[in-house]
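Here the protein sequences line up with chains X and B, keeping their order. If you read the first sequence in our numbering, its first letter stands for residue 47, the second for the next number, and so on. If you read the second sequence in our numbering, its first letter stands for residue 8, the second for the next number, and so on. C-beta atoms are modelled at their ideal positions from N, C-alpha and C, and glycine is treated no differently. In this text, all values refer to a predicted model and were calculated from it rather than measured experimentally. These notes concern the structure reproduced below.
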Amino acid sequence: MGLVSFRAGQPITSGNFLRVTTNGLAYPATCGNKPGATAIGVAINSAEADDVVLVNKDYIYDGLPALTPGEKVYLALDSGQYYTSYDLFDVALSGSTLSGMYLTELGTAITTEKLHVQIKLPVFINR
Amino acid sequence: MANRSIFNRRYTPFDSAGQEVFLVNGAGVVTQLSTTTDFTAGETLVQGAVVYVSGTQVFNATALSGVAAFNYGAIGITAASGSPSQSVSVVLDDAVVIANENITADTALIPGDIYYLSKFDGQITRFQTASGQVTNSGTDQYQVSLPIGRALSTSELEVEIGTPTILYE
């Protein structure tokens with residue numbers, strides 16, 4: 047099933063990529079640490095804490111700006127955000143003070159605003 | 008009680024003669040519950056061709072050794088044939104019919120088998136066929152191993168595109 051719903055653990059903006067914690071709450075994901083990098087999908091609606099947020103985990107999401115058709119999209123260090131290419135992930139990794147970051151592929155851009163969501167497991171990349 | 012966003016709808020409170028009710032404002036749906044999408048054919052495409060996207064156009068993908076990386080950035084399989092500049096539907100993540108001419112070295116799919124991007128434009132192949140293996144040794148000339156999906160029947164493939172593995176001789 048490509049759509050699932052969660053209760054938000056904090057305010058969430060539509061278009062944020064999310065992770066789920068052990069208590070079942072959804073939070074914005076980040077590639078800066080292992081639990082944060084296990085993304086489950088992208089928020090379809092904005093939600094306040096304790097609101098229901100619907101998550102697209104395996105369909106086309108329309109509304110992510112500045113995508114490059116054909117490019118893979120990766121989870122970013124900034125909570126809930128994404129990098130539009132591997133090169134941008136690499137630049138962020140080089141500029142960070144972390145020992146490494148988790149490369150989580152979120153899907154493939156099929157237009158400048160549409161992402162085919164296909165989330166892969168995170169892979170640790172040393173800096 | 009504050010505004011509520013539930014699924015794809017926005018609910019706003021309204022006082023109706025002392026009774027609080029919620030109005031459905033119907034915020035825009037941003038999820039497309041289908042993974043078949045229309046593109047413009049960048050070249051002549053047969054039905055069942057594996058394609059990559061460049062801008063708004065789709066082209067035959069290939070895993071041939073020596074090609075630029077975008078050539079094996081497969082996104083899906085054409086649901087119908089298309090001529091250059093025509094609209095063509097591409098199945099990104101669902102079952103699709105594969106034309107016989109798009110199966111390398113075979114005349115039909117083998118149910119249950121995993122199929123990879125072929126070195127021949129737009130085609131899929133089993134790992135080992137009469138045309139060779141999906142390797143970069145000898146005359147096989149594959150640059151990547153890219154799973155495209157699993158055969159459901161002799162003519163239908165469940166599209167589930169994997170991550171390309173670069174092959175070295």
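Going by C-alpha distance, which of the options is nearest residue i?
i, options, result
"V99(X)", "I106(X), Y107(X) and A89(X)", "A89(X)"
"A158(B)", "V141(B), T142(B) and T132(B)", "T132(B)"
"P115(X)", "S125(X), G61(X), N91(X) and S131(X)", "S131(X)"
"L113(X)", "V60(B), D100(B) and S72(B)", "V60(B)"
"N143(B)", "E167(B), S160(B), S125(B) and G156(B)", "S125(B)"
"I117(B)", "E165(B), Q54(B), A48(B) and Y149(B)", "E165(B)"
"N62(X)", "A155(X), N69(X), I156(X) and A93(X)", "A93(X)"
"V53(B)", "V74(B), S94(B) and Q148(B)", "S94(B)"
"P154(B)", "S160(B), T114(B) and Y122(B)", "Y122(B)"
"V137(X)", "T158(X), S125(X), I165(X) and N172(X)", "N172(X)"
"D100(B)", "A115(B), L174(B) and G169(B)", "G169(B)"
"S142(X)", "N69(X), C77(X) and T157(X)", "C77(X)"
"A83(X)", "S125(X), G70(X), T68(X) and A155(X)", "S125(X)"
"V57(B)", "I110(B), L174(B) and S160(B)", "I110(B)"
Taking Cβ positions, are residue i and residue j nearer each other than 8 Å?
i, j, result
"T146(B)", "A112(B)", "no"
"A95(X)", "G153(X)", "no"
"G129(B)", "N78(B)", "no"
"T51(B)", "S96(B)", "no"
"K123(X)", "M147(X)", "For the sequence presented, residue 123(X) should be read as Leu rather than Lys. Yes, these two residues count as a Cβ contact at 8 Å."
"Q150(B)", "G73(B)", "yes"
"N102(X)", "S60(X)", "no"
"T47(B)", "S92(B)", "yes"
"A75(X)", "L121(X)", "yes"
"F127(B)", "T69(B)", "yes"
"A115(B)", "T161(B)", "yes"
"I82(B)", "I156(X)", "yes"
In this structure, what does DSSP give as the bridge partners for residue i?
i, result
"D108(X)", "K160(X)"
"Y149(B)", "L71(B)"
"N102(X)", "L49(X) and V88(X)"
"R173(X)", "None, per the DSSP bridge assignment."
"L149(X)", "V169(X)"
"A76(B)", "A76(B) is not bridged to any residue."
"T111(B)", "For T111(B), which the question treats as bridged, DSSP gives no partner whatsoever."
"G89(B)", "L52(B)"
"V58(B)", "N67(B) and G83(B)"
"A54(X)", "A72(X)"
Please report the straight-line C-alpha distance between residue i and residue j, rounded to a whole angstrom.
i, j, result
"S41(B)", "Y105(X)", "7 Å"
"V198(X)", "T63(B)", "Beyond the ends of chain X as shown, which are 47 and 173, falls residue 198(X); an answer cannot be given."
"S140(X)", "T150(X)", "17 Å"
"L84(B)", "P81(X)", "The amino acid occupying residue 84(B) in the given sequence is Ile; Leu does not appear at that position. The straight-line gap from Cα to Cα measures roughly 34 Å."
"V103(B)", "E163(B)", "5 Å"
"E117(X)", "R53(X)", "31 Å"
"V163(X)", "P111(X)", "15 Å"
"V36(B)", "Q140(B)", "Interpretation of V36(B) is limited by its pLDDT of 49, a score under 50 that renders its predicted location unreliable; no figure is taken from the coordinates."
"Q127(X)", "V119(X)", "10 Å"
"G33(B)", "I58(X)", "Reliability of the predicted coordinates at G33(B) is poor, the pLDDT of 44 falling under 50, and the value obtained from them is presented with this limitation in mind. Each residue's Cα considered, the two are about 19 Å apart."
"F170(X)", "S90(B)", "43 Å"
"V65(B)", "D45(B)", "10 Å"
"G48(X)", "I86(X)", "10 Å"
"N107(B)", "G55(B)", "9 Å"
"A72(X)", "V50(X)", "11 Å"
"D133(X)", "L64(X)", "22 Å"
"F135(X)", "K160(X)", "20 Å"
"N79(X)", "L71(B)", "37 Å"
"G119(B)", "S152(B)", "18 Å"
"Q148(B)", "D108(X)", "37 Å"
"A86(B)", "V98(B)", "6 Å"
"L174(B)", "T68(X)", "39 Å"
For the beta strand (DSSP E) that contains residue i, what are its first and last residues?
i, result
"P74(X)", "L71 to P74"
"A81(B)", "A81 to T85"
"P154(B)", "P154 to A158"
"T44(B)", "T43 to A48"
"L164(B)", "E163 to V166"
"K126(B)", "Where K126(B) is concerned, there is no enclosing beta strand (DSSP E), given that its DSSP letter is neither H nor E."
"Y120(X)", "K118 to L121"
"L64(X)", "F63 to V66"
Under DSSP, the alpha helix (DSSP H) around residue i begins and ends at which residues?
i, result
"A83(X)", "K80 to A83"
"G141(X)", "Y132 to G141"
Hey, is residue i's beta-carbon within less than 8 Å of any beta-carbon in chain C?
i, result
"G156(B)", "Included in the structure are the protein chains X and B, with no chain C among them."
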